[in-house]
Structures are given as structure tokens and as C-alpha cells.
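**Q**
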Amino acid sequence: MDEKELKNIVEAILLSANEPISLDRLLEVFDEWQRPTKEHLGIIINDLKEDFVSRSFEIVQVATGFTIQTKKEYSNWIARMQIEKPTKYSRALLETLAIIAYKQPVTRADIEDIRGVAVSSQIIKTLLEREWIRISGYKNVAGKPAVYTTTREFLNYFNLKYLNELPTLPEVTEALTLHNPNEEHITE
1 MDEKELKNIV EAILLSANEP ISLDRLLEVF DEWQRPTKEH LGIIINDLKE
51 DFVSRSFEIV QVATGFTIQT KKEYSNWIAR MQIEKPTKYS RALLETLAII
101 AYKQPVTRAD IEDIRGVAVS SQIIKTLLER EWIRISGYKN VAGKPAVYTT
151 TREFLNYFNL KYLNELPTLP EVTEALTLHN PNEEHITE
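As C-alpha cells, this is what we get:
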């Protein structure tokens with residue numbers, strides 16, 4: 001198989017995938033006799049990234065693999081076409097998620113101590129259902145409370161490869177002060 005055909009196959013797979021695709025998963029697509037090496041696939045993906053530099057989309061590596069997505073500078077145009085209303089998350093839910101992301105592993109009591117108010121069971125349930133957080137264990141104290149951490153799905157959704165790519169806390173604090181404190185919902 002020639003280089004151009006291999007690039008076209010990888011591009012087609014990434015374009016049609018509904019989720020990020022790992023190099024290992026890409027390798028599974030090929031018959032053994034025509035399977036490129038993992039290193040060769042990495043080179044192909046880098047070549048595609050270069051090909052897409054002047055395009056409206058790009059290849060992004062997230063926690064679970066590679067995905068093709070529209071570049072951020074075109075999101076405003078795409079938003080004009082969306083008929084479906086974006087999901088709205090309450091400030092309390094986003095604060096809870098931020099605490100888990102920055103302070104993990106944490107218990108519900110830890111979250112409540114930081115926020116200064118009780119955490120609604122519905123918030124935890126929503127975060128678990130979205131698979132943005134998971135119960136990673138139970139703290140060895142009275143009551144054995146669940147310990148929460150973020151998931152790979154959280155990283156994928158927020159376009160991160162690693163947790164250390166989260167903005168620093170001063171950046172987050174600054175961004176939050178730019179919002180009206182009376183704002184009830186924040187749009188996704």
C-alpha cells in the first residue's frame with residue numbers, strides 16, 4: 001500500500017469515527033500483511049496534521065486517541081447552524097466539577113468544605129452519568145464516603161490529553177470574575 005493511500009485511509013477513519021481513535025485501534029483495521037508499524041502511523045498522523053494547517057479542521061490528540069475536529073476559530077460559525085439548544089449547566093455543577101478536577105481525589109465532604117454549601121445528589125449523579133467523574137474508591141473513615149476523580153471522558157470532552165493541561169487556578173479565578181455572579185446558568 002502506498003503512502004498516499006495509507007494517509008487517505010487514516011483520514012477517512014478519523015473523519016468517520018464518533019470518538020477518539022488510538023494508534024492501537026487504528027492498527028487493528030489493517031490486515032496483518034499490510035499493517036503499518038505504530039511509528040509509521042504516528043508519522044502519517046503528523047503528515048495529516050501538516051496537511052490540515054490551512055484547513056478549517058485539525059487532528060487533536062486527547063486522552064484516548066486522535067480525533068478530527070473543527071478549529072476553535074470556526075466554532076462561532078458552526079454555532080449559528082446548531083438547531084439544538086446547547087446543554088446548560090448550573091454554576092454549582094461546574095464549581096463541583098472544577099473542585100474534583102483540581103483537588104482529586106476528593107469526597108463529597110471535601111467538596112462541601114471548599115464550596116461552603118451542600119452538594120446536591122443530582123449534581124453528583126449528572127457528573128457520573130456524563131462519565132466526567134467516577135468513584136475511584138472509598139475513604140477509610142467513618143461512613144466510608146466515596147472518593148471522586150475525573151475520567152478519560154472528562155479529558156476528551158474538555159479537549160485535554162492530561163490533567164496538567166487544565167488552566168492554572170489563577171486563570172480560572174480570573175475567568176470566573178469576568179462572569180456576572182448572579183448568572184444562573186453557564187452554556188456548554
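Numbering of the sequence shown is given in UniProt numbering, commencing with residue 1 and proceeding in unit increments.
Here a beta-carbon is modelled for each residue, glycine too, at the ideal position from N, C-alpha and C.
1. Could you have a look at asparagine 180 and say whether DSSP puts it in helix, strand or coil?
2. I need the boundaries of the beta strand (DSSP E) containing arginine 134, first residue and last residue.
3. Since alanine 101 and leucine 169 are thought to touch, with beta carbons under 8 Å apart, how far apart are those beta carbons, to the nearest angstrom?
4. The beta strand (DSSP E) with tyrosine 157 in it runs from where to where?
5. I'd like to confirm the pairing. Which residues does DSSP put opposite glutamate 58 in its beta bridges?
6. Taking the CB atoms as reference points, tell me whether glutamate 131 and threonine 107 lie closer together than 9 Å.
7. Strictly by DSSP, which residues pair up with alanine 146?
8. Classify valine 119: buried if its beta carbon has 16 or more other beta carbons within 10 angstroms, exposed otherwise.
9. From Ala17, Arg91 and Asn8, pick the residue whose C-alpha is nearest to that of lysine 49; which is it?
10. Secondary structure at serine 22, three-state DSSP: helix, strand or coil?
11. Any Cβ of chain C within less than 9 Å of the Cβ of tyrosine 162?
12. Where phenylalanine 52 and lysine 72 are concerned, what is the direct C-alpha to C-alpha distance, given to the nearest angstrom?
13. Would leucine 93 be called buried (16 or more neighbouring beta carbons within 10 Å of its own) or exposed?
14. On the three-state DSSP scale, how would you describe valine 10?
15. Sort Ser90, Gly65, Ser56 and Leu97 by Cα distance to serine 75 and report the nearest one.
16. Pick from Gln34, Lys88, Leu23 and Ser90: whose alpha carbon is nearest that of valine 60?
17. With DSSP as the reference, label tyrosine 102 as helix, strand or coil.
18. Going by Cα to Cα distance, which pick from Phe158, Glu3 and Ala12 is closest to alanine 98?
19. Just verifying my parser: in three-state terms, what is the DSSP assignment at tyrosine 74?
20. Thinking just about the alpha-carbon of each residue, which of Ala109, Thr96 and Lys144 is nearest to the one in residue 189?
**A** In short:
1. Counted from its first residue, the sequence shown places residue 180 at position 180. Note that asparagine 180 scores 44 on pLDDT, short of 50, meaning its location in the model is unreliable; the coordinates nonetheless yield the value given after this. In this structure, asparagine 180 counts as coil in the three-state DSSP scheme.
2. For this step, residue 134 is matched to residue 134 along the sequence shown. It spans 133 to 138 - the beta strand (DSSP E) in which arginine 134 sits, taken as one unbroken run.
3. In the sequence shown, counting from the first residue as 1, residue 101 sits at position 101. In the sequence shown, counting from the first residue as 1, residue 169 sits at position 169. About 11 Å separates the two Cβ atoms, so there is no contact after all.
4. Residue mapping note: residue 157 aligns to position 157 of the sequence shown, counting from 1. Per DSSP, tyrosine 157 belongs to no beta strand (DSSP E); it is in the alpha helix (DSSP H), 152 to 157.
5. Residue numbering aside, residue 58 sits at position 58 when the sequence shown is read from its first letter. Gln69.
6. Locating residue 131 in the sequence shown gives position 131, counting from the first residue. Locating residue 107 in the sequence shown gives position 107, counting from the first residue. Going by C-beta atoms, glutamate 131 is not nearer than 9 Å to threonine 107.
7. Counting from 1 along the sequence shown, the entry for residue 146 is found at position 146. Answer by DSSP bridge pairing, in chain order: Tyr138.
8. Residue numbering aside, residue 119 sits at position 119 when the sequence shown is read from its first letter. The residue in question, valine 119, is buried, as its Cβ has 16 or more Cβ neighbours within 10 Å.
9. The sequence position of residue 49 within the sequence shown is 49, counting from 1. Nearest C-alpha to lysine 49: Asn8.
10. Start at 1 with the first residue of the sequence shown, and residue 22 comes out as number 22. DSSP places serine 22 in coil when its eight states are reduced to three.
11. Absent from the structure is chain C; it holds one protein chain and no more.
12. For the purposes of this step, residue 52 is identified with residue 52 of the sequence shown, where counting begins at 1. For the purposes of this step, residue 72 is identified with residue 72 of the sequence shown, where counting begins at 1. Looking at the two C-alpha atoms, the distance is approximately 14 Å.
13. Numbered from 1 along the sequence shown, position 93 holds the residue referred to as residue 93. Buried: at least 16 other Cβ atoms inside 10 Å.
14. Residue mapping note: residue 10 aligns to position 10 of the sequence shown, counting from 1. Correct three-state label for valine 10: helix.
15. Indexing the sequence shown from 1 puts residue 75 at position 75. When only C-alpha atoms are compared, the closest one is Ser56.
16. Translated into the one-based positions of the sequence shown, residue 60 becomes position 60. Considering only alpha carbons, the answer is Leu23.
17. Here the question's residue 102 lines up with position 102 in the sequence shown. Looking at tyrosine 102 - three-state DSSP - the assignment turns out to be helix.
18. Here residue 98 refers to the residue found at position 98 when the sequence shown is read from its first residue. Selected option, being the one with the closest Cα: Phe158.
19. As a working mapping, residue 74 is identified with position 74 in the sequence shown. Looking at tyrosine 74 - three-state DSSP - the assignment turns out to be helix.
20. Since the displayed the chain opens at 1 and closes at 188, residue 189 lies outside it and no answer follows.
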